[in-house]
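> Numbering (this note's numbering), first residue to last: 844 to 945.
The beta-carbon is built from N, C-alpha and C at its ideal position, and this holds for glycine as well.
Here it is in structure tokens:
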């Protein structure tokens, strides 16, 4: 009976140290993923375009009013891009008008 208790205690002791080691390895893996994502976002920053228009549909005689924002990954105004190239495309896919917006 005493040997069974000793064996169970030893088994329990080895099992807990193994699980603690696995938790540390998992934490190191998560930190590596976070560091890789941070490195990627600093090397390859992305930009988002927000476009505001005054109505959802236009006819060929309407004036299109728009306002565009190009923001960086931290939602601040970007310094990377200087021009926004906008194209007006008709329903057949033909480009009707092109404009460069500073």
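What separation, rounded to the nearest whole angstrom, lies between the Cα atoms of residue 879 and residue 907?
Position 36 of the chain shown holds residue 879. Position 64 of the chain shown holds residue 907. Their backbone Cα atoms lie some 43 Å apart in a straight line.
> How long is the line joining the alpha carbons of residue 940 and residue 929, rounded to whole angstroms?
The residue given as residue 940 occupies position 97 in the chain shown. The residue given as residue 929 occupies position 86 in the chain shown. When rounded, the distance between both Cα atoms is 8 Å.
> Ignore the nearest five residues each way along the sequence and tell me which others in residue 909's own chain have a CB closer than 7 Å to its CB.
Locating residue 909 in the chain shown gives position 66, where the first residue counts as 1. Result list for residue 909: 894, 895 and 896, in chain order.
> Report the three-state DSSP secondary structure of residue 944 (helix, strand or coil).
Position 101 of the chain shown, counted from the start, is the residue given in the question as residue 944. If DSSP states are grouped into helix, strand and coil, residue 944 belongs with the strands.
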